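Just remember that the numbering used here sits 11 ahead of the position in the sequence shown, which is counted from 1.
We treat Cβ as the ideally placed atom computed from N, Cα and C, and that holds for glycine.
Just so you know, these numbers come straight off a predicted model, no measurement behind them.
So the structure is just underneath, and the comments pick up after that.
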Amino acid sequence: MTSAMPSAVPSAPPRRLLLTIGALTTIDFLQNGMVAFSAAPIMGEIGASPDQYSTVAAAYASVAVVVIALQRWIVERVGWRRYVQGSLVAAALGALLCAHADSYETFLVARMVMALGCAGMVTSSRLTVNLIPPSPARFFGIKALASGVCCGMALAPWLASAIVSADRWPLIFWLVAGCTLALLPATSVLPEATAPPAQRSDAHPIRLAALAVGSFLVLYVLQRSYYDFYADRLWLVIGAIAGGTALLGFIWTESRSERPLLRLRHLVEPRYLCGLALFTFCYVTLGANGYLLPIVLQRSLGHAWSTAGQFYAMGLSAGVLTWLTVSRLLPRWPSPRKYFVAGFLSLAISAWMMSRMPPAPDLWGHVLPALAFYGVFIMILMPVTAMQTFSGVAHNESVFSNAQQTKNMLGQLGQALGVTIATVGQQWLTTRHYSTLHDTIHLNNPQFQDAHARFTAAIAASSDPVRAAELATAQIAQVLAQQSALLANLDHFRALAVVAVLAIVVSLTQKVIR
């Protein structure tokens, strides 16, 4: 056998293979989505501060980057079946450790163990599709993969909100552990073949150390920027430069190696690079909106966890319907330009609708349609981009595998960058709006006097007059902070709408992916 990933299945894909492809992406997007949505309750349960939790996220992502980089190297030596089974066992073990974590330190270690298993799931899913021989049947594998993505994303906020509302947060990780272990029997359909020693890639320990240290420093700086951007800017810049230098060193040495871990020189291809830019934009948007949308629903609009999770899930469910439609259209009309325009138009509409929300919006009339268009954007752009990006590197199975690995490594960095853009931007914008609104609040302002009188009268029914006046002032301060945050949220979506419109223009004029 001359390849670590042979075409070892018949032309009609076995159901177990399609189940494996879809379940791998479902598990990864489900666990990431649930952990992100439940961040605040988990922090409270394990006694972690927000900056400590950001360290957990950076550690998880940096382990994920290294594991993804090593994926083909491991598969060449143990075969697909043992690799995927080992990943599932590691993910289950990490999830069980998370479920029993009672401190920041134990949760940090548990998430790093979990990353050993979950990091390569999306890459494994996509490369497993190539076990189906080139034919129309391969599209069934693509459909299974994309269906796993949209189902995992849509289910995550709903399940997380239900579990958190029931005060049973460890169930998040018990659920992940159960799903991973339940998938083990289906993986017996995967081949066991390994690659001949002469065809195997090489993993140099110093280059791997540079990748690990560089990715951690960059991710740590991105995560910490929310808390230390203004106080410790110099150290953050130094950390970013050191991390970036380590990553550039890894890229430089890999591109000049005779037996590289990743064949980066072969990935310098216009179509692939443009597709990589599109994927990076998608991941940055997923990171930013994945962080911000739950905050808008819970803090800025004041809805309960259960309500926020249900509406967020219903909005993302539009992506499921979108993919069912797109998967039928693609075989007949595969030209990507119209899908790119439709995807970015959906993002522009979603952002525009969010940016025009009134102070007390109706969830059904204002919020849900915007979330639905966001789900449409995700499930148009990401599957179509995936189908168009890799045609220029598909001639060589090893290069194709490295292209998928590189894309998913950038995905980890892109989502962290998106969270940073959202957090730092919201911090700055909220401060600006709070300062502007606060300047209008003074004792001689008729609106302040009227609001203070109404709050005092309402509170005085159950409190003494002096205490009622104090509580009324505190209530106005709380409303002021809430409205400042909401205005900052709206500014974010205005900027996103402008970017989406520019992306439509680029989609109409670009000549690389046509």
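- Query: What span of residues does the alpha helix (DSSP H) with SER146 cover, start to end?
  - Reply: Taken as a continuous stretch (DSSP letters only), SER146 belongs to no alpha helix (DSSP H), as it is neither H nor E.
- the region 156-175 in contact with the region 316-323 per 3-pair CB rule at 8 Å: With the cut-off at 8 Å, the region 156-175 and the region 316-323 touch.
- Alpha carbon to alpha carbon, what distance is there between MET132 and ALA72? Using only the alpha carbons, I get a separation of about 14 Å.
- Check whether the region 324-340 touches the region 373-393, taking contact to mean three or more Cβ pairs, one atom from each stretch, closer than 8 Å. These segments touch.
- Message: Please classify PRO271 as buried or exposed, where buried requires at least 16 other C-beta atoms within 10 Å of its C-beta.
- Response: Of the residues assessed, PRO271 falls on the buried side of the cut-off, its CB having 16 or more other CB atoms within 10 angstroms.
- Task: Express the C-alpha separation of ALA193 and HIS377 in angstroms, rounding to a whole number.
- Result: Each residue's alpha carbon lies about 40 Å from the other.
- In angstroms with no decimal places, state the Cα-to-Cα distance between GLY44 and TRP316. Between GLY44 and TRP316, the alpha-carbon positions lie close to 14 Å from each other.
- Message: I'd like to know whether the C-beta atoms of PHE292 and LEU421 end up nearer to each other than 8 Å.
- Response: No, the pair does not count as a contact, with Cβ atoms beyond the cut-off.
- Can you tell me whether DSSP reads ALA15 as helix, strand or coil? Legend: pLDDT at ALA15 = 46, less than 50; position of this residue unreliable, value from coordinates given subsequently. For ALA15, the three-state secondary structure derived from DSSP is coil.
- Take THR434 as the anchor and find which of ASN500, ALA188, GLN489, ARG282 has the nearest alpha-carbon. For THR434, the nearest C-alpha among the options comes from ASN500.
- Please report how far the alpha carbon of ALA371 lies from the alpha carbon of LEU312, in whole angstroms. Each residue's Cα considered, the two are about 7 Å apart.
- Query: Terminal residues of the continuous alpha helix (DSSP H) containing ASN43?
  - Reply: Residue range 26-48 is occupied by the alpha helix (DSSP H) that includes ASN43.
- Message: Restricting to Cα atoms, I'd like to know which of SER226, GLN521, ALA471 is closest to ALA257.
- Response: For the set SER226, GLN521, ALA471, the Cα lying nearest the Cα of ALA257 is the one of SER226.
- Message: Measuring straight from C-alpha to C-alpha, what distance separates SER49 and LEU332?
- Response: Approximately 26 Å, taken between the alpha carbons.
- Message: Just to confirm the assignment, what range does the alpha helix (DSSP H) spanning VAL404 have?
- Response: Per DSSP, VAL404 lies in no alpha helix (DSSP H) segment and is marked neither H nor E.
- Message: Can you tell me whether TRP344 is helix, strand or coil according to DSSP?
- Response: In the three-state scheme derived from DSSP, where H, G and I count as helix and E and B as strand, TRP344 is classed as coil.
- Item | Minimum length 4: unbroken alpha helix (DSSP H) runs contained in the region 413-472 | Complete alpha helix (DSSP H) runs here, min 4: 457-471.
- Pull up the distance between the alpha-carbon of MET365 and that of MET123, whole angstroms please. Whole-angstrom Cα-Cα distance: 35 Å.
- Using the Cα positions of VAL517 and TYR294, report the straight-line distance between them to the nearest angstrom. One alpha carbon belongs to VAL517, the other to TYR294, and they sit about 18 Å apart.
- Are GLY403 and GLU265 close, meaning C-beta to C-beta below 8 Å? For GLY403 and GLU265, no; Cβs fall outside 8 Å.
- Item | Three-state secondary structure assigned by DSSP to SER361 | Three-state result, SER361: helix.
- Message: What does the alpha-carbon distance come out to for the pair ARG26 and GLY425?
- Response: Rounded to whole angstroms, ARG26 to GLY425 spans 33 Å at the Cα level.
- Query: Taking contact to mean at least 3 C-beta pairs separated by less than 8 Å, is the region 502-520 in contact with the region 348-361?
  - Reply: The region 502-520 vs the region 348-361: in contact.
- Item | Beta-carbon gap between GLY58 and ALA101 smaller than 8 Å | The answer is no: Cβ separation not under 8 Å.
- Query: Would you call the region 442-453 and the region 494-509 in contact, with 3 or more CB pairs under 8 Å?
  - Reply: Counting C-beta pairs with one atom in each stretch, the region 442-453 and the region 494-509 have three or more that are closer than 8 Å, which means they touch.
- Item | Three-state secondary structure (DSSP) of ILE524 | Looking at ILE524 - three-state DSSP - the assignment turns out to be coil, as it is neither helix nor strand.
- Among ASP502, LEU284, SER136, which residue has its Cα nearest to the Cα of GLN82? Closest in C-alpha terms to GLN82, from the list ASP502, LEU284, SER136, comes SER136.
- Message: Taking the straight line between their C-alpha atoms, what separation do you get for THR198 and THR31?
- Response: Spanning the alpha carbons of THR198 and THR31 requires a straight line of approximately 6 Å.
- Item | Rounded separation between GLN423 and VAL76 - CA only | A straight-line Cα-Cα distance of about 7 Å links GLN423 and VAL76.
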